[in-house]
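Written below as structure tokens is the structure these notes are about.
This is the structure we're talking about:
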């Protein structure tokens, strides 16, 4: 509201979002806010006087968190300390617990991976919970980053939150161009608000908050559940059992749909690059090139080769294929890192299979 006049904005569009945020920021600057106390800065110094970074990773024990840990162990900087949180360390839905963990670790940087996630049927049955819990988690993390003067926040989004009716390839500017698919709208709208609020915090408070949009992730430490896991880990587990039980390896669908898959260690490396080098509130898609799209059949045969499976391979065409393509445009990433070399699908699948076989008893499945 501006004076006695109400202004209305189309929040489905990027233009409408920016106009709305500009109006909110202008109104807030005119309002006395007694809750804007900023805690003492968390920047630390090493013995030689250089600044020390403390990077806190929420959801640090999942697929991406573990990948970041693996990458950082080989590529850490002398002035960096990394902290990986799990749900056992802090319930990010609880504001007091969230403040306590920020007070304890005093991070200078935060990589925010934690979220309430689930499969298709869980998303359809619990839209309220997926919306509310993710909004609460994200609000607690973002506001604590502001209060504790975190220098950089990198949050994770997902390609599944893009508009249901869209054209391909999708790019960062299309995120708010229409409603998401109704099956996961609770989760999707909660995640979209991360982008909205990253820009709002930048405009109103000068915060350095941004977000990442990865394509299909796979790698060690994944969830290899056949029923609830993603494509590659599900195929890996299914092929493992087919080899063990001397039964056919059955893939649901024709195998023809195309997807872009990013190996988790590549995503970890790019996430650390975003934290260190990419400074814009606008989101960035982290994906292999469109030319690296592969069919589900190609992926299945890569699993067969990696598992050394010699039995029958069956494509069950009675099962639905789903959408044929969900291509993402990585031009923004390539404008910054034109020569970055991604792990090829066969190499990545081989590493994933080797990890799963070696860690079968303790792997999530």
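Numbering (the working numbering), first residue to last: 802 to 1166. Beta carbons: idealized from backbone N, C-alpha and C, even for Gly. It should be emphasised that the depicted structure is a prediction, and the values quoted were computed from it without experimental measurement.
query                                                                                                               : result
Check whether residue 987 and residue 932 have beta carbons under 8 Å apart                                         : yes
Extent of the continuous beta strand (DSSP E) run through residue 1184                                              : In the structure as shown, the chain begins at 802 and stops at 1166. Residue 1184 is therefore absent and cannot be evaluated.
Bounding residues of the beta strand (DSSP E) (the contiguous stretch that carries residue 910)                     : 910-913
DSSP beta-bridge partners of residue 1019                                                                           : 1064
Residue 976 - DSSP class collapsed to helix/strand/coil                                                             : coil
Residue from 1123, 937, 1058 and 1054 with nearest C-alpha to residue 1115                                          : 1054
Check whether residue 1143 and residue 1095 have beta carbons under 8 Å apart                                       : no
Which of helix, strand or coil DSSP assigns to residue 1105                                                         : helix
Contact test: residue 1100 Cβ vs the ligand ADP heavy atom, cutoff 7 Å                                              : You won't find the ligand ADP in this model; it holds no ligand whatsoever.
Residue 956 classed as buried or exposed, judged by whether at least 16 other C-beta atoms fall within 10 angstroms : buried
Nearest-angstrom Cβ-Cβ length linking residue 1050 and residue 1164, presumed shorter than 8 Å                      : Between residue 1164 and residue 1050 the Cβ distance is about 19 Å, and since that is not below 8 Å, they are no contact.
Euclidean distance between Cα positions of residue 894 and residue 1028                                             : 27 Å
At least three beta-carbon pairs within less than 8 Å, the region 936-954 to the region 899-907                     : yes
At least three beta-carbon pairs within less than 8 Å, the region 1076-1088 to the region 1030-1050                 : no
Straight-line Cα distance separating residue 991 from residue 927                                                   : 13 Å
At least three beta-carbon pairs within less than 8 Å, the region 882-891 to the region 854-874                     : yes
Exposure label - residue 1166; buried when at least 16 CB within 10 Å                                               : buried
Backbone CA spacing between residue 971 and residue 960 [nearest angstrom]                                          : 9 Å
Exposed unless 16 or more other CB atoms sit within 10 angstroms - verdict on residue 852                           : exposed
Complete runs of the beta strand (DSSP E) confined to the region 860-905 [at least 3 residues]                      : 881-885
The region 1007-1025 contacting the region 1149-1161, beta-carbon criterion three pairs below 8 Å                   : yes
Residue 923 versus residue 964 - alpha carbon distance                                                              : 20 Å
Of the residues 1040, 872 and 874, the one placed nearest residue 1102, counting alpha carbons only                 : 1040
7 Å Cβ shell around residue 1122 - same chain, five flanking residues per side excluded                             : 1054, 1055, 1057 and 1058
Per-residue DSSP class, three states only, for residue 1011                                                         : strand
Buried versus exposed call for residue 1067 [16 or more other C-beta atoms within 10 Å across all chains shown]     : buried
Local conformation of residue 1133 per DSSP, three classes                                                          : helix
Residue from 879, 909, 896 and 1157 with nearest C-alpha to residue 857                                             : 909
C-beta atoms of residue 1000 and residue 977 nearer than 8 Å                                                        : no
Delimiting residues of the beta strand (DSSP E) encompassing residue 1117                                           : 1114-1117
Span of the alpha helix (DSSP H) around residue 1036                                                                : 1032-1046
Residue closest to residue 989, alpha-carbon to alpha-carbon, out of 935, 1135 and 854                              : 935
8 Å Cβ cutoff met for residue 981 and residue 962                                                                   : yes
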